[in-house]
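Report on the following structure.
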Ligand SMILES: [Fe+2]
Ligand SMILES: [Fe+2]
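Numbering (this note's numbering), first residue to last: 61 to 212.
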């Protein structure tokens with residue numbers, strides 16, 4: 061996995077809360093892809109952190125259209141299902157491969173840099189105030205008689 065010089069493969073989304081949660085999850089995934097243990101304990105810890113993070117994003121999704129919200133939620137459900145499947149495998153005592161950890165990492169990076177960036181941008185736009193519209197300027201564009209009548 062290549063790391064950009066700014067400290068990691070994740071593009072900041074612009075949301076401090078979401079970026080901090082991404083960073084914690086990336087730390088867990090990095091330990092696994094660096095050759096650390098990938099057993100039931102590590103996977104369960106990852107699942108807890110990821111589920112909490114997805115709950116944070118669900119709150120932000122109120123600004124999305126229903127179709128986009130469902131697509132994003134479906135992606136989250138699918139990732140949690142992948143982790144659950146790996147937990148079952150690990151609990152059976154079957155060894156997990158480096159590829160399993162790499163796939164978890166790759167999904168997380170791609171999802172964070174696309175769907176999550178889109179989500180934060182949508183939330184930011186929803187919070188933008190409309191431009192101020194000056195009534196005086198509008199009145200100035202009227203004829204004098206109308207203007208005086210409206211200002212009186
Ligand atoms: Fe995320
Ligand atoms: Fe997400």
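We put the CB at the ideal spot given by N, CA and C, even for glycine.
Short Cβ contact (7 Å threshold) for residue i with residue j
i	j	result
residue 175	residue 132	yes
residue 85	residue 117	no
residue 140	residue 160	no
residue 170	residue 74	no
Minimum C-alpha distance to residue i - residue among the options
i	options	result
residue 119	182, 72 and 106	182
residue 68	77, 74 and 90	90
residue 101	203, 204 and 88	88
residue 153	80, 98, 210 and 79	98
residue 79	158, 162, 173 and 155	173
residue 70	202, 168, 194 and 188	168
residue 125	81, 82, 156 and 178	178
residue 111	96, 81, 123 and 95	81
residue 195	77, 207, 158 and 123	207
Chain-order list of residues whose beta-carbon lies under 6 Å from that of residue i (same chain, five-residue window excluded)
i	result
residue 136	114
residue 198	none
residue 165	89 and 93
residue 72	79
Close Cβ partners of residue i (< 7 Å) along its chain, the five nearest in sequence each way excluded
i	result
residue 103	143, 146, 147 and 150
residue 221	Limits of the chain in this structure are 61 at one end and 212 at the other, which puts residue 221 out of reach.
residue 156	98, 146, 149 and 150
Sequence-distant residues of its chain with Cβ nearer than 8 Å to residue i (five each side left out)
i	result
residue 209	none
residue 107	140, 143, 144 and 147
residue 202	210
residue 105	88
residue 95	158
residue 188	none
Chain B contact for residue i (CB, 7 Å cutoff)
i	result
residue 179	Note that chain B does not occur in the displayed structure, where there is just one protein chain.
>> Restricting to runs no shorter than 4 residues, where is the alpha helix (DSSP H) found entirely within the segment 121-207?
In response: 126-151, 158-171, 177-187 and 195-200
> Hey, which unbroken runs of the beta strand (DSSP E) at 3 residues or more fall wholly within the segment 68-128?
Replying inline: none
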